[in-house]
Amino acid sequence: MFKKLTSSEGGRGLLLISPPFFYALLLMAFPLGAIILFSFWTQNFMDVDTTFTLNNYRTIIEQPIYGALLQRSLFVSGTVTLVTVVLAFPIAYFVSFHVRSDRKALWLFLITIPFWTSYLIRVFLWKVILGYNGVINTGLLNIGLIDEPLTFILYNVNAVIITLAHAFAPFAILPIFVALEKIDRSLLEASQDLGENKVMTFFRVTLPLAMPGVVAAVLIVFIPTIGDYVTPELMGGAGGKLIANMIQTQFLALNNAPLGAALAVVAMLSVTAISLVFVLLNRRWLRGRS
Amino acid sequence: MTALITLKGVNKYYGDYHALRDIDLTINAGEFFSLLGPSGCGKTTLLRTIAGLEDVSGGVVMIGGKDMAGVSANLRPTNMVFQSYAIFPHLSVAENVAFGLRRRSDLSKDDKARMVEDALSMVGLSGYGKRASHALSGGQRQRVALARALILKPKVLLLDEPLSALDKKMREQMQVELIRLQRHVGITFILVTHDQEEALVMSDRIAVMFEGEIGQLADPETLYRRPNSRRVAEFIGKMNFLSADVLALGDMIEVDVAGLGRVSVQAEQAPMALHKGAAVAGVRPETLAILFDGETTDRKLVDGVVDEVVYYGDMTYYDVRVAGIDQPLNIAMKNLIGRPVLEVGVATKVVWDERSLVLLA
Chain A
1 MFKKLTSSEG GRGLLLISPP FFYALLLMAF PLGAIILFSF WTQNFMDVDT TFTLNNYRTI
61 IEQPIYGALL QRSLFVSGTV TLVTVVLAFP IAYFVSFHVR SDRKALWLFL ITIPFWTSYL
121 IRVFLWKVIL GYNGVINTGL LNIGLIDEPL TFILYNVNAV IITLAHAFAP FAILPIFVAL
181 EKIDRSLLEA SQDLGENKVM TFFRVTLPLA MPGVVAAVLI VFIPTIGDYV TPELMGGAGG
241 KLIANMIQTQ FLALNNAPLG AALAVVAMLS VTAISLVFVL LNRRWLRGRS
Chain B
291 MTALITLKGV NKYYGDYHAL RDIDLTINAG EFFSLLGPSG CGKTTLLRTI AGLEDVSGGV
351 VMIGGKDMAG VSANLRPTNM VFQSYAIFPH LSVAENVAFG LRRRSDLSKD DKARMVEDAL
411 SMVGLSGYGK RASHALSGGQ RQRVALARAL ILKPKVLLLD EPLSALDKKM REQMQVELIR
471 LQRHVGITFI LVTHDQEEAL VMSDRIAVMF EGEIGQLADP ETLYRRPNSR RVAEFIGKMN
531 FLSADVLALG DMIEVDVAGL GRVSVQAEQA PMALHKGAAV AGVRPETLAI LFDGETTDRK
591 LVDGVVDEVV YYGDMTYYDV RVAGIDQPLN IAMKNLIGRP VLEVGVATKV VWDERSLVLL
651 A
C-alpha cells in the first residue's frame, strides 16, 4: 500500500499534503462544523439543548441590535478597506515606479517594520496618539489650533477605522506592488507613443493592469477586519463595538454559545457573499492575462 | 527627396556613459531607413530620442521642419513598433488597434470600427478584432502592433528590432511584407536591427553604428561593396583581410597584397583616406573562386591547399591556405552541377580579381 503510494506522482503528492490536510481538518473544519452545529442548538441555563431549532437565527433577525451591529461591522470594514487601499495604492505605485530597482527591497522591508511589534501594542500606541491627553490633542493644544481636546478620535468608530487602516496597510501595499511590478513598462511607453499623456496612460493602462492586485488587497483587508475583535474592544468605546465583540459577549459573558455561534455563522456568510462578488470581479479582470 | 527628420549634433549621456556622440543625420520622406549595429551601439537609444521616449542631452531633433525639443512622445508625429510589441493584455485585438483613436473626436464610432478593420486587413488579420490579445502568436502580435501604429497615419514609423523574436521562416516572410507595406502606405520607416542581412534586404539607406557613432551611412550595395572602415567590413557580411603595402597613390593605386602580389586598383576601391605604406586589403568570399578541374578562367590565379570545408547545401565554404597569408582565405562556392565538394588537404587554384579588393587603412 505504502509502496503503491510512493511510486506514482499523484500518490507522492497526496502523501505530501496529508499532514497539513489533517492539521487543517482538525483545527479548521472540525471547529467550523462545531460552530455550525451549535448555532442550531439552544442554551438551557447551564445545559445545551441539542434539539434542532432555528430559534437563534430568528432572534438575530427579530432583534434590531444584531442587524445594527452587523451593519456597523460591514460599514467599518468597508471604510477601512477603502481608506487602506486608496492610501496604499500611491505608496505601492511610488515604490514600483519611482524607487531605484536596487532599493525596492529596502523599501518593502521598511513597509513591514510595523509588524515588528505585536498587534496589541500597536493598538495601545494608537491610544496614546489619539487619547484625550494624547499626542495629537496636546500637540494641537500647544500650538493653539484647538481650545479643548478633540473627542471624536477616540472611543468611537473613527478610532477603530484609523487603527485598523494603519494595521492593514502593508497587506494592501504588497499585492498592489506586485501587480504594478508585473506591468511591462513598454506598455506605458506604447500608450504615450499612441498619443496619451501620463494621466490617461494611468487610467487606460496602469490601473486596469493593477486591478488584480487591488482586488486582492480589498479581499485581504476586508475579510479579517470584519471579524476583528481587539481593536473595537480597546478603541471603540461604547459606540464602536462590532459584531465580533457581541459574539464574544454571547459566548463568555452571557453564556449563550448557541446564539454566539449563530452570529458567527451569519457574519461568515456575509463575508463570503461580499468576497464572492470581488472574486468574480477579479476573474473578469484576470480574463485574458497570460 | 525632402528631408523629414534632421538630427544635428545629438548627444545622449546616461550618467558618465556617452550613449550617442554628435549624431548628424538626415532621413528623407518616404524612405526605408535602417539603424544597424551591434548591441549597445546606441541604435535603439537613437530611435527612442526620435520617438520622444528619451530626452537628448544636447543637439537638435527636427521632424517635418519642427524642433522637437520639449515635445513629449504623445505629441510627436511618430509611432513605434516595440521590440516586445507591447500589446495591451487587458484589451482585445480591435481595442488595441483603436487605442490611439480615442482622442479623435471627429470620428464616429462606425468610422473608427471601419478604420480598425481596414488596418487589420492591411496587416492580414481580417476578422481577428474580437480575439483576446493573449491568444495571438508572435507574428500576429507583431501585426497588431503594426496596425495599431499605422492606423494613426504617422509621418514616421519606428520599428525597434521588430523581427528579432520571430523564427527564421517567419522573419523572412515578414521582411517581404514590411517592404510591401512601406511602399503601400508611403510612410517613412526607421528600422533598428542588429541583423545585417535584414538591413541589407529591407533598407533604402543604412546607418551603421558603433559605440554611439555612425560609422557609415550608405545604400546597401555601397555598404557591402565599399565599407569605409574595417569594423564596418567586419560587421557586414564576411570578409578576408590581407595585409597590404600601398606603393603609389593617384587615380590608380599601386598596392602589394600579401599572397596575391602587386596590383593596381581604382581609387574608388579605397573608400577611406590612405597613406603610402601598410594597409589592409579586404576581399569578400564570394568574389574569390576555386578553379575546379575542367574549368578555365582569364582571371588571376594563386595556388592553395584546402584547409577546411563547410557544406551548406546550396553553398560550400572553403578555407584555403595560400603561401604568404597568415589566415586561410575564406571562399564561397555555389554548388553548381558537376562541381565536387573538395576534401581537406587537396591542392587547388584560387581565382581572384583585383577589382573586388577594398583597401582600408
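From first to last, the protein sequence lines are chains A and B. Letter 84 of the first sequence, counting from 1, is numbered 84 in this note's numbering, and no numbers are missing. Basically this note's numbering = 1-based index in the second sequence + 290. We treat Cβ as the ideally placed atom computed from N, Cα and C, and that holds for glycine. Quantities reported herein were computed from a predicted structural model and do not represent experimental measurements.
Q) Is the Cβ-Cβ distance between Val-157 (chain A) and Val-271 (chain A) less than 8 Å? A) no
Q) Are the C-beta of Phe-21 (chain A) and some C-beta of chain B separated by less than 8 Å? A) no
Q. Going by the beta-carbon positions, is the gap between Pro-187 (chain A) and Leu-442 (chain B) smaller than 8 Å?
A. Reading off the sequence shown, one finds Leu at residue 187 (chain A), where the question assumed Pro. No. Outside cutoff.
Q) Count the other CB atoms within 10 Å of the CB of Pro-258 (chain A); is the residue buried (16 or more) or exposed (fewer)? A) buried
Q: Would you list the one or two residues that DSSP bridges to Lys-624 (chain B)?
A: B:Met-605
Q.
For Pro-630 (chain B) and Leu-581 (chain B), I'd like the C-alpha separation in whole angstroms.
A. 11 Å
(Q) Less than 8 Å between CB atoms is the rule here; does Ser-290 (chain A) satisfy it with respect to chain B? (A) Note on Ser-290 (chain A): pLDDT 38, under 50, position unreliable in the model; no value is reported.
Q: Starting from the beta carbon of Phe-378 (chain B), find every residue of chain A whose beta carbon is closer than 9 Å, and list them in chain order.
A: Leu-187, Ala-190, Ser-191, Arg-204, Val-205, Pro-208, Leu-209
Q | Own chain residues within Cβ distance below 6 Å of Ser-290 (chain A), not counting five before or after | A | For Ser-290 (chain A), the predicted structure reports a pLDDT of 38, less than 50, and the residue's modelled location is therefore unreliable. A value from the coordinates is still provided. Same-chain partners within the cutoff: there are none.
Q. Smallest Cα separation from Gly-567 (chain B): which of B:Thr-587, B:Phe-531, B:Ala-651, B:Gly-540?
A. B:Ala-651
(Q) For a test of your reading of the model: does the CB of Asp-546 (chain B) fall under 7 Å from any non-hydrogen atom of the ligand NAP? Yes or no. (A) The ligand NAP is not part of the structure shown, which contains no ligands of any sort.
Q) What is the DSSP secondary structure of His-474 (chain B), counted as helix, strand or coil? A) helix
Q) Taking the C-alpha atoms as reference points, what is the distance between Ser-275 (chain A) and Ile-469 (chain B)? A) 53 Å
Q.
On a Cα-Cα basis, can you pick out the residue from B:Ala-437, B:Asn-301, B:Glu-644, B:Ala-425 that is closest to Met-542 (chain B)?
A. B:Glu-644
Q. Can you tell which of A:Ile-136, A:Val-199, A:Gly-144 has its C-alpha closest to the C-alpha of Thr-151 (chain A)?
A. A:Ile-136
Q: With a threshold of 16 other CB atoms inside 10 Å of the CB of Pro-31 (chain A), please say whether the residue is buried or exposed.
A: exposed
Q. Mind pulling the alpha helix (DSSP H) runs of 4 or more residues that sit fully within the segment 203-229 of chain A?
A. 207-226
Q.
So within the segment 223-278 of chain A, which uninterrupted alpha helix (DSSP H) runs reach at least 4 residues, ignoring any that extend past its ends?
A. 230-235, 243-248
Q: Determine the chain B residues that contact Glu-196 (chain A) at a beta-carbon separation under 9 Å, and present them in chain order.
A: Asn-364, Phe-389, Gly-390, Arg-392, Arg-393
Q | Cross-strand partners of His-565 (chain B) (DSSP beta bridge) | A | Per DSSP, none; premise fails for His-565 (chain B).
Q) In terms of residues, what are the limits of the alpha helix (DSSP H) holding Lys-333 (chain B)? A) 333-341
(Q) Given this structure, state the Cα-to-Cα distance separating Leu-207 (chain A) from Thr-478 (chain B), to the nearest angstrom. (A) 34 Å
Q.
Using CA atoms only, rank isn't needed, just tell me which of A:Thr-231, A:Ile-173, A:Ala-264, A:Leu-263 is closest to Leu-219 (chain A).
A. A:Ile-173
Q: Determine, using beta carbons only, whether Asp-184 (chain A) comes closer than 8 Å to chain B.
A: yes
(Q) Is Arg-433 (chain B) close to chain A? Criterion is C-beta to C-beta, closer than 8 Å. (A) no
(Q) Cutting at 7 Å between CB atoms, please list the residues of its own chain near Val-361 (chain B), excluding the five before and the five after it. (A) Gly-342
Q. I think Val-536 (chain B) touches Val-545 (chain B), with their Cβ atoms under 8 Å apart; what is that distance to the nearest whole Å?
A. 5 Å
Q: For Ile-143 (chain A), count neighbouring C-beta atoms within 10 Å of its own C-beta (all shown protein chains included) and say buried if the count is 16 or more, exposed if not.
A: exposed
Q.
Can you list, in chain order, the residues of its chain with a C-beta nearer than 7 Å to that of Asp-494 (chain B)? Leave out the 5 residues immediately preceding and following it.
A. Glu-321, Phe-322, Phe-323, Asp-509
Q. In chain A, what lies closer than 7 Å to Ala-341 (chain B) by C-beta?
A. Asp-193
Q | Exposure of Ile-146 (chain A), with buried meaning 16 or more beta-carbon neighbours within 10 Å | A | exposed
Q: Use the C-beta contact count for Asn-44 (chain A): other C-beta atoms within 10 angstroms, 16 or more gives buried, fewer gives exposed.
A: exposed
Q) What residues from chain A crowd round Ser-374 (chain B), counting only those whose CB sits closer than 8 Å? A) Asp-184, Ser-186
(Q) Considering Cα atoms alone, identify which of B:Leu-325, B:Gly-502, B:Thr-368, B:Ser-646 is closest to Glu-487 (chain B). (A) B:Leu-325
Q | Closest Cα partner of Ser-382 (chain B) within the set B:Ile-340, B:Ala-359, B:Val-434, B:Gly-551 | A | B:Val-434
Q. Are any of the Cβ atoms in chain A nearer than 8 Å to that of Leu-442 (chain B)?
A. yes
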